[in-house]
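A.B. asks: Below you will find the structure I want to go over with you.
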């Protein structure tokens, strides 16, 4: 008889997790003294360790947990350079404070195959958790399988069954922007939206439409961009040819820069002829000509909050972060008197 087969199996971290009613990852956090675990959870884990005689030592930690003290961040290459950089900086800052490194996977397009491969690549690196900042609406079985045993937080993007969601009220951002223009006296607000496959774009558009409906105004057809200044410029050329347009809600600062350039080239001034309000309020917004009125999004804060949520074993399935706030500058004004 094989000598190894006759030996009793040593208790594993999975055994501790089963008895304590938590994940193996939570057991790992308790045993390495992480502060992001509640006292009650720690008590249950330590009681289970004592009950089955589980041994845990620092030399075996990486093997027993199967992890690398690294957080995997998935990003989309398009969608705004400044916002993407700020989210990354926020994730890296909060992860560093908690003693984690960050491994980044960037996908070139909103494609489930690319998403699957990126998650699989990070899983192969034994990351402790995922922060997903990609707005895919559909989720595949493979994505569910990869994230089932690895804690995951999404930034209003791909939502796997076990993921925690960091909620950002994009609908409210659209409503705030539109209401600001109506409060100035504009009787209609046009909209340059982000691409339809983005959840954020849909929600901002819904907020715009709902705000107009509440004011009993029929919404004009939205003009769709791709978040780039070039796409904003193209849609701005169309808007410039519609003389009755006096106010436009643009779904991102970078597209708004393009809209303003197109309007100026067509002889329409901002805000004297057309008021412009956007969403994001990146650093460059205040240096636009004229300075851009925008609904502020704290991308750095969102990235940091995603890491804190990921490392909080007792957090709920969905957490809200921040309230959109309007930075009023010189790109909006009351319409000209007729």
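Residue numbers (the numbering used here): 1091 to 1428.
Note that CB positions come from ideal geometry on N, CA and C, so glycine has one too.
Quick test of the definition: if touching needs 3 or more C-beta pairs under 8 Å, does the region 1388 to 1405 touch the region 1168 to 1185?
C.D. replies: The region 1388 to 1405 is in contact with the region 1168 to 1185.
A.B. asks: I believe residue 1120 touches residue 1132 by the beta-carbon criterion, under 8 Å. Please report the beta-carbon distance rounded to the nearest angstrom.
C.D. replies: Counted from its first residue, the chain shown places residue 1120 at position 30. Counted from its first residue, the chain shown places residue 1132 at position 42. Sure, about 5 Å apart at Cβ, within 8 Å.
A.B. asks: Could you tell me the alpha carbon to alpha carbon distance between residue 1342 and residue 1377, rounded to whole angstroms?
C.D. replies: Counting from one through the chain shown, the residue named residue 1342 turns up at place 252. Counting from one through the chain shown, the residue named residue 1377 turns up at place 287. Approximately 15 Å, taken between the alpha carbons.
A.B. asks: Pairs of beta-carbons, one from the region 1250 to 1261 and one from the region 1293 to 1313, closer than 8 Å: are there three or more?
C.D. replies: With a cut-off of 8 Å, the region 1293 to 1313 and the region 1250 to 1261 count as touching, because enough Cβ pairs lie within range.
A.B. asks: Could you give the distance in angstroms between the alpha-carbon of residue 1273 and the alpha-carbon of residue 1394?
C.D. replies: Counting from 1 along the chain shown, the entry for residue 1273 is found at position 183. Counting from 1 along the chain shown, the entry for residue 1394 is found at position 304. In a straight line, the C-alpha of residue 1273 is about 34 Å away from that of residue 1394.
A.B. asks: Considering only the beta carbon of each residue, do residue 1269 and residue 1337 sit closer than 8 Å?
C.D. replies: For the purposes of this step, residue 1269 is identified with residue 179 of the chain shown, where counting begins at 1. For the purposes of this step, residue 1337 is identified with residue 247 of the chain shown, where counting begins at 1. Their beta carbons are not under 8 Å apart, which means residue 1269 does not touch residue 1337 by this criterion.
A.B. asks: In the DSSP assignment, the alpha helix (DSSP H) including residue 1266 goes from what residue to what residue?
C.D. replies: As a working note, residue 1266 is residue 176 in the chain shown. Taken as a continuous stretch (DSSP letters only), the alpha helix (DSSP H) holding residue 1266 covers 1260 to 1273.
A.B. asks: Pick helix, strand or coil for residue 1193, following the three-state DSSP scheme.
C.D. replies: Within the chain shown, the letter at position 103 stands for residue 1193. Residue 1193 falls in the strand class under three-state DSSP.
A.B. asks: Would you be able to state if there are at least three C-beta pairs under 8 Å between the region 1314 to 1332 and the region 1341 to 1358?
C.D. replies: Flag = yes, the region 1341 to 1358 and the region 1314 to 1332 touch.
A.B. asks: CB residue 1266 to CB residue 1385, shorter than 8 Å?
C.D. replies: Taking the chain shown and counting its residues from 1, one reaches residue 1266 at position 176. Taking the chain shown and counting its residues from 1, one reaches residue 1385 at position 295. Yes.
A.B. asks: Which residues mark the beginning and the end of the alpha helix (DSSP H) in which residue 1173 is found?
C.D. replies: As a working mapping, residue 1173 is identified with position 83 in the chain shown. From DSSP, the alpha helix (DSSP H) with residue 1173 extends over 1171 to 1187.
A.B. asks: Anyone know if the C-beta pair for residue 1127 and residue 1181 falls short of 8 Å?
C.D. replies: For the purposes of this step, residue 1127 is taken as residue 37 along the chain shown, with counting starting at 1. For the purposes of this step, residue 1181 is taken as residue 91 along the chain shown, with counting starting at 1. Contact: no.
A.B. asks: Between which two residues does the alpha helix (DSSP H) containing residue 1213 stretch?
C.D. replies: Walking along the chain shown from the start, residue 1213 turns up at place 123. Its alpha helix (DSSP H) spans residues 1202 to 1214.
A.B. asks: Quick check on DSSP: helix, strand or coil for residue 1111?
C.D. replies: Counted from its first residue, the chain shown places residue 1111 at position 21. Residue 1111: coil per DSSP, three-state reduction.
A.B. asks: If you draw a straight line from the C-alpha of residue 1349 to the C-alpha of residue 1326, how long is it?
C.D. replies: In the chain shown, counting from the first residue as 1, residue 1349 sits at position 259. In the chain shown, counting from the first residue as 1, residue 1326 sits at position 236. Distance between the alpha carbons of residue 1349 and residue 1326 is about 4 Å.
A.B. asks: Rounded to whole angstroms, what is the Cα-Cα separation between residue 1402 and residue 1396?
C.D. replies: If you number the chain shown from 1, residue 1402 lands on position 312. If you number the chain shown from 1, residue 1396 lands on position 306. The alpha-carbon atoms of residue 1402 and residue 1396 are separated by roughly 10 Å.
A.B. asks: Between 1240, 1332, 1225, which has its C-alpha nearest residue 1429's C-alpha?
C.D. replies: In the structure displayed, the chain extends from 1091 to 1428; residue 1429 sits before or after that span and is not available.
A.B. asks: Compute the Euclidean distance between the alpha carbons of residue 1354 and residue 1243, then round it to the nearest angstrom.
C.D. replies: For the purposes of this step, residue 1354 is taken as the residue at position 264 of the chain shown. For the purposes of this step, residue 1243 is taken as the residue at position 153 of the chain shown. Cα to Cα, residue 1354 sits roughly 42 Å from residue 1243.
A.B. asks: What does the alpha-carbon distance come out to for the pair residue 1351 and residue 1233?
C.D. replies: On the chain shown, position 261 is the one that residue 1351 refers to. On the chain shown, position 143 is the one that residue 1233 refers to. When rounded, the distance between both Cα atoms is 41 Å.
A.B. asks: Tell me the DSSP secondary structure of residue 1384 in three-state form.
C.D. replies: Counting from 1 along the chain shown, the entry for residue 1384 is found at position 294. In the structure shown, residue 1384 sits in a strand (DSSP, three-state: E or B).
A.B. asks: How many Å lie between residue 1313 and residue 1340 at the Cα?
C.D. replies: Taking the first residue of the chain shown as 1, we reach residue 1313 at position 223. Taking the first residue of the chain shown as 1, we reach residue 1340 at position 250. Approximately 9 Å between the Cα atoms of the pair.
A.B. asks: State the beta-bridge partners of residue 1413 as determined by DSSP.
C.D. replies: As a working mapping, residue 1413 is identified with position 323 in the chain shown. For residue 1413, which the question treats as bridged, DSSP gives no partner whatsoever.
A.B. asks: Answer yes or no: do residue 1214 and residue 1190 have a C-beta to C-beta separation smaller than 8 Å?
C.D. replies: Residue numbering aside, residue 1214 sits at position 124 when the chain shown is read from its first letter. Residue numbering aside, residue 1190 sits at position 100 when the chain shown is read from its first letter. Contact flag unset, no.
A.B. asks: Which residue marks the beginning of the alpha helix (DSSP H) containing residue 1143, and which one marks its end?
C.D. replies: As a first step, residue 1143 is located in the chain shown; it is residue number 53 there, counting from the start. Neither: residue 1143 is in no alpha helix (DSSP H) and is coded neither H nor E.
A.B. asks: Per DSSP, which one or two residues make a beta bridge with residue 1366?
C.D. replies: Stepping through the chain shown from its first residue, residue 1366 is reached at position 276. Its beta-bridge partners are 1338.
A.B. asks: In chain order, what residues of the same chain have a beta carbon less than 6 Å from the beta carbon of residue 1420, not counting five sequence neighbours either side?
C.D. replies: Within the chain shown, numbered from 1, the residue matching residue 1420 stands at position 330. Excluding residues within five positions, the ones whose Cβ falls inside 6 Å are 1380, 1381.
A.B. asks: Leaving out five residues before and five after residue 1303 in sequence, what residues of the same chain have Cβ atoms less than 8 Å from its Cβ?
C.D. replies: Looking up residue 1303 in the chain shown gives position 213. Cβ within range, chain order: 1309.
A.B. asks: Label residue 1198 either buried or exposed according to how many other C-beta atoms from any shown protein chain fall within 10 Å of its C-beta, with 16 as the threshold for buried.
C.D. replies: As a first step, residue 1198 is located in the chain shown; it is residue number 108 there, counting from the start. Label assigned to residue 1198: exposed.
A.B. asks: Classify residue 1368: buried if its beta carbon has 16 or more other beta carbons within 10 angstroms, exposed otherwise.
C.D. replies: Counting from 1 along the chain shown, the entry for residue 1368 is found at position 278. That one is buried.
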